[in-house]
Amino acid sequence: MKNQLTLFVFILVIFSFQSCVKDTCEREVTYIKPIPVYKQVAEFRIDIKVKEAQALKEPGKIYLYNNYIFINEIREGIHVIDNSDPENPLNIAYVPIPGNVDMAVKDGILYADNYTDLVTLDVSTPSNPQFLDRTESVFPLEGQDAQGVLVYYEYEEVTEILDCHGSFNGGGFLEDDVFINSSVNDSGGSAPNYNASVGGSMARFTIMNQYLYTVDAYNLRVFDLSSPNNPTLTNTSYAGWNVETIFPYGNYLYLGSSNGMHIHDVTDPLNPQFISSFWHPSACDPVFVTEKYAYVTLRSGTFCDGFTNELDVIDINDIYNPLLVKNFAMDNPHGLSVKDNTLFLCEGDFGMKVFDVENPLILDTKKIADFGGFSAYDVIAMPGNDDILLVIGDDGFYQFRIIDNQDMQQLSIIPVEK
Amino acid sequence: MRFFVLFVLLSLNISLLAQEQQENQKLEIIYFKNGSIIKGKILNENKTDYQIEMLGGDIITVSKKNVSITKTVNLKNAIFIENGLTLQTKGHYAVYTFNLLAGSSTYGYSDIVPSLSIIHGYQFDQNLSIGVGTGIDIYDYTLIPIFLDIRGYPRKKRLSPFYAFDFGYGFPVRESSNWSSIRGGLMLNPSLGFRFLGRRESSLHIGIGYKKQFVTRDYRHQDYSDEIVFNRLQFQVGMMF
Chain U
14 MKNQLTLFVF
24 ILVIFSFQSC
34 VKDTCEREVT
44 YIKPIPVYKQ
54 VAEFRIDIKV
64 KEAQALKEPG
74 KIYLYNNYIF
84 INEIREGIHV
94 IDNSDPENPL
104 NIAYVPIPGN
114 VDMAVKDGIL
124 YADNYTDLVT
134 LDVSTPSNPQ
144 FLDRTESVFP
154 LEGQDAQGVL
164 VYYEYEEVTE
174 ILDCHGSFNG
184 GGFLEDDVFI
194 NSSVNDSGGS
204 APNYNASVGG
214 SMARFTIMNQ
224 YLYTVDAYNL
234 RVFDLSSPNN
244 PTLTNTSYAG
254 WNVETIFPYG
264 NYLYLGSSNG
274 MHIHDVTDPL
284 NPQFISSFWH
294 PSACDPVFVT
304 EKYAYVTLRS
314 GTFCDGFTNE
324 LDVIDINDIY
334 NPLLVKNFAM
344 DNPHGLSVKD
354 NTLFLCEGDF
364 GMKVFDVENP
374 LILDTKKIAD
384 FGGFSAYDVI
394 AMPGNDDILL
404 VIGDDGFYQF
414 RIIDNQDMQQ
424 LSIIPVEK
Chain Y
-6 MRFFVLFVLL
4 SLNISLLAQE
14 QQENQKLEII
24 YFKNGSIIKG
34 KILNENKTDY
44 QIEMLGGDII
54 TVSKKNVSIT
64 KTVNLKNAIF
74 IENGLTLQTK
84 GHYAVYTFNL
94 LAGSSTYGYS
104 DIVPSLSIIH
114 GYQFDQNLSI
124 GVGTGIDIYD
134 YTLIPIFLDI
144 RGYPRKKRLS
154 PFYAFDFGYG
164 FPVRESSNWS
174 SIRGGLMLNP
184 SLGFRFLGRR
194 ESSLHIGIGY
204 KKQFVTRDYR
214 HQDYSDEIVF
224 NRLQFQVGMM
234 F
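Written as structure tokens, this is what we have:
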């Protein structure tokens, strides 16, 4: 009896220590951590003055304006390229605009974002842009506190050891899951064939008639340009989730977002009306629209959110009911451009593919050419008779001549300074 | 399977080694139901009686009705201790234990899981025995450990403390599911306790210990892995033969 009691006490003592020993589960995770970047308003609301040309460092969107090309330097400013001779483009000027990622040009006036502000510059003499005016606080802030205005996040790859059942510190994204940063993605410009002003398919600014449309992560904004120097924000509407690109065609705006393509009717230009959506799995998605079809590229990658690499062909004959008619597997599709019946598709580090899209449903069997050996993330097929392609990639700004749709001859490159 | 074969082979080796070292210095102990003990040699036995040559040389006949048990000891490998009990100091040993492993799971709730182990080995002297063991540990994942066992019994008494240190590798029984797979890992298991010697060739062990088992969980669709460590208090009841 005494022994049994001793045993019982012994067991009791042991199990009272039970809570002292804990199983552990640790997970080494590499993820992208957002690090907020703050600016004082006085730091970015500065006098904008043209400077001498500077080398490209981290080029963003490209915008074709007559014989000139504007190349965005991400969050820094705009390079002015004289492209009178595509074989010998001249980097002639640089306009520092803090926070700039988007631009659009109409009637000699360039509209550019400057963090929270919209600025206008007279580019009627493109070699010497002149600051005109500033519309303050029209774009949303990420936040504001004692450190200043939170203007964007820098994303840093971080490796941490975490508890398996805990959550990631400070938000962030798994490396494979990837994310979309609302204020910067790859490149673009805006507005289709008006006044020979052409933006790429990755644009977030576009001009239609007397109106500038801009998209940020969630909102579609309309600026009235009837007083060109001094645009007025007239409407802000909900645009979708993580809208990344805007493409105008006819009376419609095609917004590419992380989870679909949304169509807005701008027949009443100041009051865009949402019409329909084509939903797709999360991925980055520039859009290019032709008469009957919309082409949407979905890709996986660090700045988007998905695992898909494909080109979707969407029938938009019935604008209220866009239908996916075919999708084609691609390597890492980015921006795209269609001219006549030829589709030019940037494939990131895989270069560029060219397809005959007379019948887009069989475009995979109609691949005309496949150009590798360079990085391409946005393309503009130059309007007019010149078969010239403007391509921006990690390595620089390229121009190619398309020869009989069969071959690509590199005319020039303005390299990125490494 | 290959680990099981390895275990059996190792056990056999150790047993053979044990047998080689035994010599013919054998002695019988006759335990009577009334508590008395005779040491000597059973010369003859029939259905009812034993004829015994006692240590002093006298030959006696005792009725089996009065005998509780008889036990043969090899004096080379055993010594007498109190109450006529013999204590093996050398030779093959086997330990079978049932364990409860208690702790907090990775989710934080209290968790007690069962575990069994079998150890075979060779006792070099009171303070050092070396054997190999296997068993089954049923955590969130069921593991079969293969391990080396080092133990000792410092006191030459009926009741002796013991110390043991087991270390080896735990192999998962079911390695994968649709979304993850399990890799085994190092196992460490020090323990302390008491041995209660019985009259037969056996003893009872009661002890406590600490068991640490490492496991890695790989995910099929992620490029990270989880390093899981089971840290458990061990409550042990076993028999040694």
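For the protein sequence lines, the chains are U and Y, in the order given.
Residue 14 is where the first sequence starts when you use the numbering used here, and the numbers rise one by one after that.
Residue -6 is where the second sequence starts when you use the numbering used here, and the numbers rise one by one after that.
Yeah, the Cβ is synthetic: ideal placement off N, Cα and C, and Gly gets one too.
Fill in: Within-7 Å CB hit, residue 110 of chain Y to chain U
no
Worksheet item: Are any of the Cβ atoms in chain Y nearer than 7 Å to that of residue 158 of chain U?
Response: At a cut-off of 7 Å between beta-carbon atoms, residue 158 of chain U makes no contact with chain Y.
Worksheet entry | Euclidean distance between Cα positions of residue 330 of chain U and residue 345 of chain U | One C-alpha to the other measures close to 28 Å.
Item to complete: Please work out which residues of its chain come closer than 8 Å, Cβ to Cβ, to residue 171 of chain U, disregarding the five sequence neighbours upstream and downstream, and give them in chain order.
Response: Result list for residue 171 of chain U: 43, 44, 45, 46, 185, in chain order.
Worksheet item: Would residue 338 of chain U be called buried (16 or more neighbouring beta carbons within 10 Å of its own) or exposed?
Response: exposed
Practice prompt. Decide yes or no for the touch test of the region 155 to 171 of chain U against the region 184 to 195 of chain Y: beta carbon pairs closer than 8 Å, at least 3 of them.
Written response: no
Fill in: Buried versus exposed, by CB contacts within 10 Å (16 or more), residue 229 of chain Y
buried
Worksheet item: Checking contacts by CB at 7 Å: is residue 156 of chain Y closer than that to chain U?
Response: Answer no: the Cβ-Cβ gap between residue 156 of chain Y and chain U never drops below 7 Å.
Fill in: residue 62 of chain Y to residue 169 of chain Y span [Cα, whole Å]
Rounded to whole angstroms, the separation of the alpha carbons of residue 169 of chain Y and residue 62 of chain Y is 52 Å.
Worksheet item: residue 35 of chain U touches chain Y at which residues, Cβ-Cβ below 7 Å?
Response: 96, 97, 224
Worksheet item: Can you find a C-beta in chain U that's less than 7 Å from the C-beta of residue 217 of chain Y?
Response: yes
Fill in: For residue 255 of chain U, the nearest candidate out of U:84, U:232, U:249, U:328 (CA to CA)
U:232
Discussion item. I want to verify the contact list: residues of chain U whose CB lies under 9 Å from the CB of residue 221 of chain Y, in sequence order.
Written reply: 36, 37, 38, 39, 177
Discussion item. Counting only C-beta atoms, is residue 42 of chain U closer than 7 Å to chain Y at any point?
Written reply: yes
Worksheet entry | C-beta contact flag for residue 207 of chain Y and residue 226 of chain Y at 7 Å | no
Worksheet item: Which residue spans inside the region 205 to 273 of chain U form an unbroken beta strand (DSSP E) run of at least 3?
Response: 210 to 212, 218 to 221, 224 to 228, 232 to 237, 245 to 251, 256 to 262, 265 to 270
Worksheet item: If you draw a straight line from the C-alpha of residue 395 of chain U to the C-alpha of residue 385 of chain U, how long is it?
Response: 21 Å
Item to complete: Report the residue from Y:160, Y:71, Y:198, Y:118 whose alpha carbon sits nearest the alpha carbon of residue 137 of chain Y.
Response: Y:160
Discussion item. If you reduce the DSSP assignment to three classes, tell me which class residue 217 of chain Y lands in.
Written reply: coil
Practice prompt. Starting from residue 404 of chain U, trace the beta strand (DSSP E) both ways and give me its first and last residue.
Written response: Membership of residue 404 of chain U in the beta strand (DSSP E) is indicated by the continuous run 401 to 405.
Worksheet item: Comparing the CB of residue 233 of chain U with every heavy atom of the ligand NAD, is any distance shorter than 6 Å?
Response: In the structure shown, the ligand NAD is absent, as is every other ligand, since no ligand is present at all.
Discussion item. Using 8 Å for Cβ pairs, my map puts residue 85 of chain U next to residue 99 of chain U. What's the rounded Cβ distance?
Written reply: About 20 Å separates the CB atoms of residue 85 of chain U and residue 99 of chain U; that is not less than 8 Å, and the two are not in contact.
Item to complete: Using only alpha-carbon positions, find the residue among Y:54, Y:44, Y:52, Y:58 that is nearest to residue 25 of chain Y.
Response: Y:58
Practice prompt. Give me the Cα-Cα distance between residue 150 of chain Y and residue 74 of chain Y, rounded to the nearest whole angstrom.
Written response: Each residue's CA atom was taken as its position, placing residue 150 of chain Y and residue 74 of chain Y some 6 Å apart.
Practice prompt. For residue 373 of chain U, I'd like the list of residues in its chain whose CB is within less than 6 Å of its CB, leaving aside the five on either flank, ordered along the chain.
Written response: 306, 326
Fill in: Residue nearest to residue 90 of chain Y in terms of C-alpha spacing, selected from Y:162, Y:212, Y:184
Y:184
Worksheet item: Going by C-alpha distance, which of Y:70, Y:35, Y:196, Y:132 is nearest residue 223 of chain Y?
Response: Y:132
Fill in: Within chain B, partners of residue 100 of chain Y - CB distance below 7 Å
Checking the listed chains, one finds no chain B in this structure; the protein chains it contains are U and Y.
Discussion item. For the beta strand (DSSP E) containing residue 342 of chain U, name the first residue and the last one.
Written reply: 336 to 342
Item to complete: Assign residue 387 of chain U to one of three DSSP states: helix, strand, or coil.
Response: coil
Practice prompt. Per DSSP, which residues does residue 393 of chain U bridge with? Please list them.
Written response: U:403
Worksheet item: For the alpha helix (DSSP H) that contains residue 55 of chain U, what are its first and last residues?
Response: 54 to 57
Discussion item. For the beta strand (DSSP E) containing residue 189 of chain Y, name the first residue and the last one.
Written reply: Taken as a continuous stretch (DSSP letters only), the beta strand (DSSP E) holding residue 189 of chain Y covers 178 to 190.
Worksheet entry | Own chain residues within Cβ distance below 6 Å of residue 80 of chain U, not counting five before or after | 96, 97
Item to complete: Enumerate in chain order the residues of its own chain whose CB-to-CB distance from residue 72 of chain Y is below 8 Å, with the five nearest sequence positions on each side excluded.
Response: 79, 80, 82, 149
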